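Student: Be aware that the sequence shown starts at 0, since it is given in numbering that gives the first Met the number 0, and climbs by one per residue.
For each residue, glycine too, the CB sits at the ideal point set by N, CA and C.
Quick caveat, the model's predicted, so the values are computed rather than measured.
Take this structure first; my questions come after.
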Amino acid sequence: MMELCIKRFLITLVVYNLILFQSNAIELKGMFGEIRSPNFPEGYPRDSNISWNISVPDGFRVKLYFSHFDLEPSYLCEYDYVKIEADGQVLGTFCGQESTDTEQIPGQQMYFSPAHDMTVTFISDFSNEERFTGFDAHFAAVDVDECKEKNDEELACDHYCHNYIGGFYCSCRFGYILHTDNRTCRVECSDNLFTERSGIISSPDFPNPYPKSSDCLYRIELEEGFVINLMFEDSFDIEDHPEVMCPYDYVKIKAGRKEFGPICGDRSPRRIETGSYSVQILFHSDNSGENGGWRLSYDAVGTPCPVPQPPVNGKIEPSLKQYSFKDQVLITCDTGYNMIKDNLEIEKFQIVCQKDGSWSSVMPTCRIVDCQTPPILEHGYVEFNTRNNLSTYQSQIEYFCQQAFYQIVPNITSIYTCQENKRWMNKNLGAKLPTCLPVCGIPAFSRTKLARIAGGKFAERGMSPWIAMLSRSGSPFCGGSLIGDNWIVTAAHCLHNSLEEDRANLLSSDIVDSSSFKIILGKHRTRQQDNTEQSLQAKNIILHPQYNFSTYSFDIALLELNNHAILNNYVKPVCLPDEETTSTVLHEGDMVIVSGWGKQFLQKLPDSLAEIEIPVVDHSKCKESYAKLQRSVTDDMICAGEKEGGKDSCQGDSGGPMVTINKQTKRWFLAATVSWGVGCAQNEKYGVYSNVQKSLSWIKTVTGIYNV
């Protein structure tokens with residue numbers, strides 16, 4: 000015990016007499032190294048005081064461990080020891096031997112510095128009697144994972160931390176940018192412009208915490224005439240200070256000359272009536288805090304305008320109880336009325352509430368639609384079905400044709416109503432007018448007896464009102480039949496000059512000049528003028544395309560009149576055959592009537608129109624009789640007459656009508672036109688006629704006429 004006390008005393012004495020110790024400080028820099036006690040592995044000297052200052056690069060820390068340790072053991076390491084220090088802290092003080100069971104040896108433990116430096120100090124006292132061998136230690140630089148170990152908020156990353164060997168760096172979420180401190184994430188929100196009349200504005204990332212170190216500017220710019228109102232939601236959270244007004248984060252609002260704020264804390268300002276059409280909202284945040292932020296909705300109220308009154312017989316849309324700046328009103332008129340503005344007719348009109356509270360224009364007027372005078376119906380007339388012959392909206396008219404001579408087509412109601420489009424409209428025809436077509440096949444005078452053309456009596460006046468005389472130099476040279484009121488059917492051979500028999504084709508130059516002859520309707524007496532006559536000329540001469548002048552096949556032609564015939568009791572059209580039924584197909588023995596001014600059996604012209612009634616002859620019988628004379632009767636021809644002769648057409652009758660009555664309709668129709676024959680009324684020499692039924696489709700195509 001005495002010896003132990005003496006040693007403790009001596010140690011105390013050494014503390015006050017440091018000059019007796021050998022003191023050294025060794026600087027160690029690099030990524031790794033080794034530290035040994037003096038004279039290692041021989042016994043270390045006494046009275047040693049050596050320090051090793053280990054320094055590794057920034058971003059690393061020092062790792063230290065011992066591979067050998069053998070120092071004099073002592074209570075609380077009072078004699079010899081190794082001490083490890085870093086960042087002002089003692090990481091451990093060690094002494095003793097590895098072979099002993101003591102907690103004072105470092106063992107296999109590794110020691111790490113918090114930062115990039117560490118100090119290791121070796122102290123030995125005045126004695127080393129057992130020749131302890133000392134220690135062997137190793138150090139190395141190890142990487143610091145700053146992303147896991149940074150506890151200092153000022154150094155930690157705001158959003159994302161990325162570690163690399165020797166350091167780390169920060170990055171931000173999408174929509175954010177890194178602040179100049181390379182740690183904080185902020186947003187670029189200095190120019191947000193709103194021009195709609197309503198919208199929603201919020202702090203970035205709301206309801207998540209707003210970014211740090213940011214200055215956001217939101218501008219609401221509307222037209223003058225609007226007043227903007229703001230409504231903050233209840234969830235309002237901006238960093239506050241208990242004593243100073245909003246020193247950290249805040250919202251400021253500037254509206255014209257008015258300013259609101261700064262505003263912060265957790266109490267929402269709710270509704271703010273700015274009184275301006277231009278508002279700026281500034282939101283500032285500093286570099287700290289985790290507050291939720293704010294959101295507001297805004298709307299605009301315009302200058303009010305008085306409720307407009309719609310025009311008489313008109314309406315406005317939309318129809319509201321109040322209107323304000325920029326509201327638009329569409330004015331329309333009721334069906335059947337036209338809108339009039341500045342003496343002009345327009346379809347619709349729009350007015351706008353202006354910033355001064357007035358409407359952009361005065362109301363137009365609504366005037367009833369006027370369809371004006373109804374269009375004229377040729378050969379017809381119109382009667383008003385409304386009082387005072389009004390032609391305004393919903394007025395009605397009805398069309399009629401000249402009685403007895405024309406019939407309205409189609410045969411449906413011909414009532415027309417004035418519609419909103421200013422047109423007279425029929426429920427079936429629309430705006431299209433009906434047509435007044437000539438009534439065909441109904442003579443004004445009933446037929447009592449028949450005369451003869453060749454060797455017979457004269458016809459009664461007006462019984463064949465459809466017959467036409469083709470006259471040259473005051474004498475008839477052919478006949479024809481009126482169809483419709485401006486077409487004549489006649490024989491093709493009447494309309495060309497004498498031809499050489501060996502010529503194969505008919506040239507256009509061979510057709511007679513339309514001015515060289517007249518077409519006389521309402522004619523009865525041959526050479527004397529009748530007071531019922533109408534003298535016309537041909538505008539067009541059209542021969543059947545299959546006409547053969549050498550055989551007289553398809554000996555039929557059409558004359559278009561230069562003026563419409565005036566229909567009366569003595570001028571009426573004949574009907575065409577019926578295509579749809581067999582009622583107009585002729586058979587052997589059917590009686591037909593042929594009319595004309597041709598030469599009589601005494602080879603002179605009759606005093607007036609003559610006509611005969613003769614039977615239709617069997618086609619094969621007719622062909623056989625003419626075959627003996629080496630003349631051809633083709634399928635487009637009809638033969639008629641009596642075997643013994645005595646009744647026949649003759650020279651000058653060519654082109655004239657062969658008619659008979661339709662037993663179903665009780666109307667006269669044109670069966671054929673006089674074409675050719677051998678002599679006049681001779682035995683077994685029948686008259687040959689061009690069958691209209693065979694040329695009917697061509698006639699209708701050219702003329703557009705159908706029976707009425």
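1. According to DSSP, which residues form a beta bridge with Glu-223?
2. Look at the alpha carbon of Ser-50 and the alpha carbon of Tyr-163, and state the distance between them as a whole number of angstroms.
3. Quick check on Asn-23: does DSSP put it in helix, strand or coil?
4. When you compare the CB positions of Ser-360 and Ile-367, do they come within less than 9 Å of one another, or not?
5. Cα-Cα, which of Ile-396, Glu-258 and Asn-387 is closest to Pro-373?
6. Looking at Ser-213 and Ser-323, is the spacing between their C-beta atoms short of 9 Å?
7. Would Leu-281 pass as a contact of Val-243 if the rule is Cβ separation under 9 Å?
8. Less than 8 Å between the CB atoms is what I'm expecting for Cys-365 and Met-338, so what's the real figure, rounded?
9. Give every residue of the same chain whose Cβ lies closer than 8 Å to the Cβ of Arg-172, excluding the five residues on either side of it in the sequence, and list them in chain order.
10. Under the rule that 16 or more other beta-carbon atoms within 10 Å means buried, what is Gln-88, buried or exposed?
11. Can you tell me the Cα-Cα spacing of Met-230 and Asn-290, whole angstroms?
12. Do Ala-490 and Ser-619 have their C-beta atoms closer together than 9 Å?
13. For the 8 Å Cβ check, are there 3 or more pairs between the region 98-118 and the region 45-65?
14. With a threshold of 7 Å on Cβ separation, who are the neighbours of Met-137 within its own chain once the five nearest residues in sequence on each side are excluded?
15. Between which two residues does the beta strand (DSSP E) carrying Glu-623 extend?
16. Below 9 Å between beta carbons: does that hold for Arg-35 and Ser-126?
17. By a C-beta neighbour count over all protein chains shown, 10 Å radius and 16 as the cutoff for buried, is Ile-237 buried or exposed?
18. With a Cβ-Cβ cutoff of 9 Å, do Pro-475 and Val-570 count as a contact?
19. Using only CA atoms, which one of Val-591, Asp-606 and Pro-268 lies nearest to Glu-641?
20. How about Tyr-43 and Phe-131: are their beta carbons less than 9 Å apart?
21. Give the range of the alpha helix (DSSP H) segment to which Leu-432 is assigned.
22. Taking C-beta to C-beta, are Phe-548 and His-495 nearer than 9 Å?
23. For Val-119, report the span of its beta strand (DSSP E) as first-last.
24. Quick one: what's got a C-beta closer than 8 Å to Asp-69's C-beta in the same chain, skipping five residues either side?
25. Do the region 570-583 and the region 428-447 make contact, defined as three or more Cβ pairs closer than 8 Å?
26. Rounded to whole angstroms, what is the Cα-Cα separation between Pro-37 and Asn-23?
27. Is the distance from the Cβ of Leu-506 to the Cβ of Leu-520 below 9 Å?
28. Report yes or no: do the region 215-224 and the region 185-202 share at least 3 C-beta pairs separated by less than 8 Å?
29. Ignore the nearest five residues each way along the sequence and tell me which others in Met-468's own chain have a CB closer than 7 Å to its CB.
30. What span of residues does the beta strand (DSSP E) with Cys-169 cover, start to end?
31. Out of Leu-604, Tyr-336, Ala-564 and Lys-325, state which residue places its alpha-carbon closest to the alpha-carbon of Gly-313.
32. Contact check, Val-616 vs Asp-589 under 8 Å by CB: the rounded distance?
33. Along the chain, where does the alpha helix (DSSP H) containing Trp-697 start, and where does it finish?
34. Tell me whether Gly-313 counts as near the ligand PLP, meaning its Cβ is closer than 8 Å to at least one heavy atom of that ligand.
35. Which residue from Ser-445, Arg-471 and Gly-473 puts its Cα closest to that of Cys-461?
36. Tell me, to the nearest whole angstrom, how far the beta carbon of Ser-202 is from that of Gly-301; I am working on the premise that it is less than 8 Å.
Tutor: If we stick to the structure as given:
1. In the DSSP output, where bridge partners are listed per residue, Glu-223 has Phe-225.
2. C-alpha separation (whole angstroms): 32 Å.
3. In the three-state reduction of the DSSP assignment, Asn-23 falls in the strand class, which pools E and B.
4. With contacts defined by Cβ atoms closer than 9 Å, Ser-360 and Ile-367 do not form a contacting pair.
5. Answer by Cα proximity: Ile-396.
6. No, they are not a contact pair.
7. No.
8. 6 Å between Cβ atoms; contact.
9. Here the set comprises His-158, Tyr-159 and Cys-184.
10. Under this definition Gln-88 is an exposed residue.
11. Taking the straight line joining both Cα atoms gives about 20 Å.
12. Going by C-beta atoms, Ala-490 is not nearer than 9 Å to Ser-619.
13. Enough Cβ pairs lie closer than 8 Å, so yes.
14. The sequence shown places His at residue 137, not Met. The residues Glu-33, Tyr-64 and Ser-66, in chain order, have a CB closer than 7 Å to that of His-137 in the same chain once the five nearest residues on each side in sequence are set aside.
15. Boundaries around Glu-623 are those of the alpha helix (DSSP H), 618-626, since no beta strand (DSSP E) includes it.
16. In this structure, the beta-carbon distance from Arg-35 to Ser-126 does not fall below 9 Å.
17. Flag for Ile-237 reads buried.
18. Judged by their CB atoms, Pro-475 and Val-570 are not nearer to each other than the 9 Å cut-off.
19. Glu-641 has its Cα closest to that of Val-591, out of Val-591, Asp-606 and Pro-268.
20. Yes, they are a contact pair.
21. First-last for Leu-432: undefined, no H or E at that position.
22. Cβ atoms of Phe-548 and His-495: closer than 9 Å.
23. That run of the beta strand (DSSP E) goes 116-122.
24. Result list for Asp-69: Gln-96, Glu-97, Phe-131, Thr-132, Gly-133 and Phe-134, in chain order.
25. Yes, the region 570-583 touches the region 428-447.
26. Between Pro-37 and Asn-23, the C-alpha separation is close to 11 Å.
27. No, the pair does not count as a contact, with Cβ atoms beyond the cut-off.
28. Between the region 215-224 and the region 185-202 there are three or more inter-stretch CB-CB distances shorter than 8 Å, so the stretches are counted as touching.
29. Excluding residues within five positions, the ones whose Cβ falls inside 7 Å are Pro-475, Gly-478, Ile-519, Lys-522 and Trp-596.
30. Run containing Cys-169: 166-170, per the beta strand (DSSP E) assignment.
31. Of the candidates Leu-604, Tyr-336, Ala-564 and Lys-325, Tyr-336 places its Cα closest to the Cα of Gly-313.
32. Wrong, their Cβ atoms sit about 10 Å apart, outside the cutoff.
33. First-last of the alpha helix (DSSP H) with Trp-697: 695-702.
34. For the structure depicted, the ligand PLP is absent and the ligand set is empty, with no information on it obtainable.
35. Looking at the sequence itself, residue 461 is Gly, so the reference to Cys does not match. Answer by Cα proximity: Ser-445.
36. Here Ser-202 is actually not in contact with Gly-301; their C-beta atoms are around 29 Å apart, not less than 8 Å.
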